[in-house]
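Taking the numbering used here, the leading residue of the first sequence gets 30, the next gets one more, and so forth.
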Amino acid sequence: MRTDDALTAALNPAQLEAVTAPLGKMLVLAGAGSGKTRVLAHRIAYVLAEYQASPYSILAVTFTNKAAGEMRTRIEALLGHSIGGMWVGTFHGLAHRLLRSHWREAKLNEHFQILDSDDQQRLVRRLLKELGLDESKFTPNQVQWYINARKDEGLRAAHIEDNGNVVDRSLIKIYRAYEETCERSSLVDFAELLLRSHELWLSNADLLKHYQERFKHILIDEFQDTNTIQYAWISLLTRNDTNLMVVGDDDQSIYGWRGAKIENIHQFERDFKPVQLIRLEQNYRSTNVILEAANALIRHNDTRLGKNLWTEGKPGELITLYSAYNERDEAHYLIECIRERVSKGYARRDIAILYRSNAQSRVLEEALLQAAIPYRVYGGMRFFERAEIKNALAYLRLAVNHDDDPAFERIVNFPTRGIGDRSLITLREVARERQLSLWEAAKKVISETLLSPRACSAIEAFMQLIDRITIGLYELTLAEQVEHALTVSSLLSFYQQERGEEARGRVENLDELVSAAGQFQVEDNPQGDPLMAFLATAALEAGERQGEEGQDCVQLMTLHSAKGLEFPIVFLAGLEEGLFPHFMSATDPYRLEEERRLCYVGMTRAKEHLCLSFAESRRSRGAETMQRPSRFIQEIPSSCLQEIRPRANIMRPVNQSYYKSEAKQQQRLPTVDFYSNEQQDLHIGQGVKHKTFGRGTILNFEGNGSHARVQVRFESGETKWLVASFVELEVSF
DNA sequence: TCAGCGCATGTTTTT
DNA sequence: CATGCGCTGA
């Protein structure tokens, strides 16, 4: 019991109740910032100490790799040593691990590969063509979505009825063709990992029993985000005597589009009776103002379990709201705020900029780059998703598993080696007719000379090249293997010959791939093949870059990837109708509520200060569009908000470097050039000091050059227009 | 066979 | 705007 004191001392009563609850089924409804990860980690430590549980008997499941890493770190910190035989990971990661261990029982090839979304889409596109289906009726995207949605529901093509519906019949047909190709190529997509491992247990009672007996303690984070197949997976693994703790928050369910079912929370209470219910409603993260605003926002949702977060913390700063002229103005404003915070002593890593969609990061990045502020973008195009990296990996994949059709397609003629479309069409035909992989089809084409001698020899040369990669593989270290593939495939020299900035970046990325391979550590199965593990990690984690913490960086990410994280300062950018809530979700009330929850998640990431911003005009897909402020802004009580720029005064911030094409007009327009004031370090939102009026904040600018006037709100409450060149304003913070 | 060009189009979030 | 597609000429 000695460990208990250290373990439980810092917990509040509700947390303590959850951590020390008797073994059984437990549902913890935990609001944002209520210490849920903490409870999970402590519970694990408690079970280990109190019940002398073996680490081997513990399974902890999270949704993102980031969350899994966080969980591992916390547990290790509590225990003072490594997590040992514990299984801590994402649903997908754990399912993959199962399939690797039991590939035979799962009816897979020993060298099966993971198909990422991009691979999947290419494959679907190819199948659509082969089946001769009208692409205008079925976009690859829709088909991909359809297949994944069915798999998330646990349904195979054979399980689905078309009910006489022509559209469904076609979709099912594509789904079936897709399944067959994956089977033949020994490929497993993300949803398949779960579905396949579920089936593995269903059809292997002994195996299931083994894992049921092993995992006596199961903990699941973000339970509101589980979908049908994940719920079924957990249900199957859980027995009456399993100690199962699930933690969730219905207000933070943001993965409905991926098949997540909030209802699973209710279903859990029904399916696993008796369930002990514990609520964590005290927030330790955010200031009162932030919490009040977030609570007010989420109250606009009708379908909630209902709860109200509270805090004993200080009221804190008001949430600032900046209405920018356009997206560049927004970016510049954020930069000024960041500079100000950094000068006040905040670390850059304490500051996060969150946005709805990845595309928004670009403008922000450009501005940060120009301002020389180090930053890091999470998500978006990740390292292992870059074309040159995928090409390099495709060579390795094909070397390991010759039947990997997507890899074959990707590199058979890249760099070009005289295998053109006509040859490929023949290869695909032969493959389809004889139910072979492309590789096997290629063998037939050569032995039966189904193509011109020149084409045949080109294909043969390609196959020999792949074989040369394969032969060399086994005596080499992982890094050498990667290097070997790069050289033999002549991919590296191909990119080296290319000129231009972009090509240089590609070569650098390939170098980085080699060093990533050098640093790669096989955590879980040291006896397994490192190359296989490396390829799997590339698909599953796509480059989370956990290691390189070196530089102190401002953090940029989507709202989705911010879930589970917290930052002292949070900027929520692009709060505009159509962008957030996204127009794809705006019409359906159910999806609109999900958008609102997403906003709630974003707001509750902030510990000390939250800054919201939107642009009145935004350039998207080439055209300038007028934007309306997001409805979510109206849903926040105005008492929580401080508007930085009164909406009545809308002016054009003009800066030549940003408006090259408008240079001519610019000279005639009575413009405001507030960026030029940077020499004096003056900008909107800037704190200043005046000899007689005291401290204040700059609200606005007007005019230019020596005629420029500055609007300042002083602490006395007065707002004054001052002529900048006449008065002396001191930068005060 | 393949590079280059013009045209059309779609448009979110992640494992 | 960015990507993919089809067409053309070498």
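Every residue, glycine too, gets a C-beta built ideally from N, C-alpha and C.
- Ranking A568, F612, I673, Q584 by CA distance to the CA of L222 puts A568 first.
- Excluding the 5 residues flanking it on each side, L494 has same chain C-beta neighbours closer than 7 Å at V517, S518, in chain order.
- For the pair A47 and I307, the CB atoms are nearer than the 8 Å cut-off.
- L216 and H131 have their C-alpha atoms spaced approximately 15 Å apart.
- In the DSSP assignment, S649 falls within the beta strand (DSSP E) that extends over 635-649.
- About 5 Å separates the CB atoms of Q253 and I291; that is less than 8 Å, so the two are in contact.
- DSSP, read as helix, strand or coil, puts K473 in helix.
- Beyond the five residues adjoining it in sequence on each side, R451 comes within less than 7 Å, by CB distance, of no other residue in the same chain.
- For K54, the enclosing beta strand (DSSP E) begins and ends at 54-59.
- Looking only at P169, L224, E159, the smallest Cα-Cα distance to A186 is reached by L224.
- Under the criterion of beta carbons closer than 8 Å, K592 and I283 qualify as touching, at roughly 7 Å.
- Judged by beta-carbon spacing, I488 lies beyond the 8 Å limit of V511, meaning their Cβ atoms are not closer than that value.
- When the Cα atoms are used, L627 and E605 turn out to be separated by approximately 14 Å.
- Inclusion of V304 and L56 in the CB contact set at 8 Å is warranted, their separation being smaller than that value.
- Counting the other CB atoms within 10 Å of its CB gives V583 a total of 16 or more, which places it among the buried residues.
- CA-CA distance, Q281 to A323, rounds to 12 Å.
- Note that the C-beta distance between I319 and G345 is below 8 Å.
- In its chain, beyond the 5 residues on either side, M55, V57, R72, L248 have a beta carbon closer than 7 Å to the beta carbon of M274.
- In this structure, DSSP gives L422 a helical state, which the three-state scheme calls helix.
- Spatial neighbours of A59 in its own chain (CB-CB distance under 6 Å, excluding positions within 5 residues in sequence) are listed in chain order as K65, V276, D278, L309.
- Contact annotation, S466 with D434: C-beta distance approximately 6 Å; criterion of less than 8 Å satisfied.
- In this structure, the straight-line span from the alpha carbon of Q464 to that of A206 is close to 11 Å.
- Separation of M613 and D197 (C-alpha to C-alpha, rounded to the nearest whole angstrom) is 23 Å.
- Scanning the segment 307-358 for uninterrupted alpha helix (DSSP H) segments of 4 residues or longer gives 317-327, listed from N- to C-terminal end.
- In the DSSP annotation of this structure, the continuous segment of the alpha helix (DSSP H) that includes G534 starts and ends at 530-548.
- One alpha carbon belongs to L542, the other to T255, and they sit about 33 Å apart.
- Along the segment 199-234, the alpha helix (DSSP H) occurs as fully enclosed runs of 4 or more residues at 219-232, listed in sequence order.
- Between E645 and M655, the C-beta spacing is below 8 Å.
- Sequence-distant Cβ neighbours of A360 in its own chain, meaning closer than 6 Å and more than five residues away, are V392, L393, A396.
- One thing to note: F92 has its Cβ no nearer than 8 Å to the Cβ of R385.
- Beta-bridge annotation (DSSP): E605 is paired with P658.
- Residue environment: R133 is assigned as exposed (fewer than 16 neighbouring CB atoms within 10 Å of its CB, all protein chains considered).
- Under the three-state reduction of DSSP, M274 is assigned to strand.
- Taken in chain order, the whole alpha helix (DSSP H) runs of length 4 or more contained in the segment 480-507 are 482-502.
- Taken through DSSP and simplified to helix, strand or coil, L585 comes out as strand.
- The three-state secondary structure of H131, taken from DSSP, is coil.
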